[in-house]
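In the numbering used here, the protein residues as written are 82 to 600.
All residues carry an ideal CB built from backbone N, CA and C; glycine is no exception.
Remarks on the structure that follows.
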């Protein structure tokens, strides 16, 4: 659905994973201020059930909240980022950097911008002790906007991998992050992952892993709110079977900890039955105490010829949410038809679906606590329409894009009635590829959206009005050095907020530099 490889990540001007994924049209970014408070991604009113984050096949399970803050995962360490459609929502699959040429590799990034914003990001990967060693650091800080206070986020990644006897590959990773905030909760998290992998020919890969995640959530300058220490441990077996016409992915996980399932069993399979016909299926069962929750999806893809394709998808299930015990399970059911093709050089796609969601839950963040449970939107059945496309222009390096989504009226949280994106991209290289120029612009329209107001205590539900925004970037690469400039803004400060009482700045700019080293 969306993919960034290393060149695209280097060309990106995103400050956080949330900014990077916020460019995916189907996802909705919800931010408590700019970087001052927690932010999350969601879709179709599913709140914390919408998006899950996996790095090197390890699930970054939320702890203390219903979803992972998108400021926490590091960008410095990443080699690829892929967003996939799965039963119940989307999965963000991330892979960390590996040696590409057998020689040491490093990157350095630094930048500064409005609101006291500063960024330092670095990565180093090299051979070490008959294996491969990696180190990454990522720090973002801002002085804050209005009365929301400052934020200082720092993350560190350490990794080591080497070949072991009997054809086994072993790896070890540790990642830690901490967020310092003046008034809001300040999480400090660490994840430790050990993995053994063994291929059996070209048809089977077995993967055994053990991981532990622990978090400390503190409220600065508070004598009445003690720190919380949620944690979880997982043992997992992962098998990938590759056949002549398809692939099957099987996982079995045993969890112990706070607000996690006891056991999870999952299967994801795809078959290419004919050049013009492909099938897909996935299923997942999770056990929480004495209760089981089942989810599944079935997909059909037809390729009648040329660039045209037609897809049919049905998904349904019941999901208990990780991270916060108090979050109620959600039930969903979706049927979607979509078509893609190329007409006169125009790449177009359209989709229509009938989607149902029982209960549209909040994320479980601090600013949502105290919300009257009886006021939480109940969800419902709606019809959803989507259309988008891209068009080359007579000026070859320029391409125009547009996307529009609209749904029927329903009682949902953090799901606009309609959304639109439109823009253009100029991208070309000169001097035998030594000079590259990239200039992009997007206009953003968000329709009315049910959200929260933190101007009252406890928080209350409100309807945010239609919002107009824009974003632009310029990236110039000279050999291995990239210089970039980004800008974001909204037409009206009073309509900029995702959460009423936590506004986004009406405009902001940022300037940065990235430098690659191959020795």
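Top-ranked residue by Cα proximity to residue 87, from 125, 436, 175: 175
Once DSSP output is grouped into helix, strand and coil, what is the label at residue 478? coil
Can you name, in chain order, every residue of its own chain whose Cβ lies under 7 Å from the Cβ of residue 244, other than the five neighbours on each side? Shown here for residue 244: same chain residues with a beta carbon closer than 7 Å to its own, the five before and five after excluded, namely 250 in chain order.
Give a yes or no on contact between the region 581-592 and the region 186-203, applying the rule of three or more CB pairs nearer than 8 Å. yes
Going by the CB atoms, is the gap between residue 173 and residue 200 shorter than 8 Å? no
Among the candidates 573, 378, 535, 82, whose CA atom is the shortest distance from the CA of residue 452? 535
Residue 476 CB to nearest chain B CB: under 8 Å? Absent from the structure is chain B; it holds one protein chain and no more.
Taking the beta carbon of residue 357 as the centre, do at least 16 other beta carbons fall within 10 Å, making it buried, or is it exposed? Exposed is the label assigned to residue 357, since fewer than 16 other Cβ atoms lie within 10 Å of its Cβ.
Can you look up residue 473 in the DSSP assignment and give me helix, strand or coil? Of the three classes helix, strand and coil, the one that applies to residue 473 here is strand, per DSSP.
Alpha carbon to alpha carbon, how far is residue 596 from residue 345? Give it in angstroms, no decimals. In a straight line, the C-alpha of residue 345 is about 42 Å away from that of residue 596.
When you compare only the Cα positions, how much space is there between residue 288 and residue 186? 27 Å
Three or more C-beta pairs below 8 Å linking the region 154-166 and the region 560-567: no
So, is residue 388 buried or exposed, given that buried needs 16 or more other C-beta atoms within 10 angstroms? exposed
For residue 365 and residue 598, what's the separation of their Cα atoms in angstroms? Taking the straight line joining both Cα atoms gives about 43 Å.
Provide the residue(s) that pair with residue 374 in DSSP beta bridges, ordered along the chain. Answer is 367, bridged to residue 374.
Give me the DSSP bridge partner(s) of residue 581. 534
Between the C-alpha atoms of residue 383 and residue 432, what's the straight-line distance to the nearest angstrom? 15 Å
Assuming residue 550 contacts residue 582 (C-beta within less than 8 Å), just tell me the rounded distance between them. The pair is not a contact, with the Cβ atoms about 19 Å apart (cut-off 8 Å).
Flag this pair as yes or no: are the beta carbons of residue 519 and residue 463 separated by less than 8 Å? no
Own chain, CB closer than 7 Å to residue 489, minus 5 neighbours either side, in chain order: 463, 464
Counterpart residues of residue 312 in DSSP-defined beta bridges: 295
Locate the beta strand (DSSP E) running through residue 89, then write down its first and last residues. Note, residue 89: premise wrong, no beta strand (DSSP E); alpha helix (DSSP H) at 87-92.
Considering residue 190, what are the terminal residues of the beta strand (DSSP E) in which it resides? 186-194
Outcome for residue 510 when other beta-carbon atoms lying within 10 angstroms are tallied against a minimum of 16: exposed
Range covered by the alpha helix (DSSP H) that runs through residue 553: Run containing residue 553: none in the alpha helix (DSSP H); it sits in the beta strand (DSSP E), 548-559.
Stretch-stretch touch, CB-based, cutoff 8 Å, three pairs: the region 437-457 with the region 474-489: no
C-alpha gap between residue 397 and residue 414, whole angstroms: 4 Å
In three-state DSSP terms, what is residue 282? In the structure shown, residue 282 sits in coil (DSSP, three-state: anything other than H, G, I, E or B).
Can residue 349 and residue 330 be called in contact, C-beta distance under 8 Å? yes
Does DSSP put residue 100 in a helix, in a strand, or in coil? helix
Please classify residue 183: does DSSP put it in a helix, a strand, or coil? Collapsing the DSSP output to three states places residue 183 in coil.
So residue 505 packs on residue 522, CB below 8 Å; how close in whole Å? 6 Å
Residue range of the beta strand (DSSP E) that includes residue 416: 411-424
Burial state of residue 407 (16 or more Cβ within 10 Å): exposed
Residues in its own chain within less than 6 Å of residue 391 by CB, not counting five upstream and five downstream? 383, 420
Tell me where the beta strand (DSSP E) around residue 348 begins and ends. 344-355
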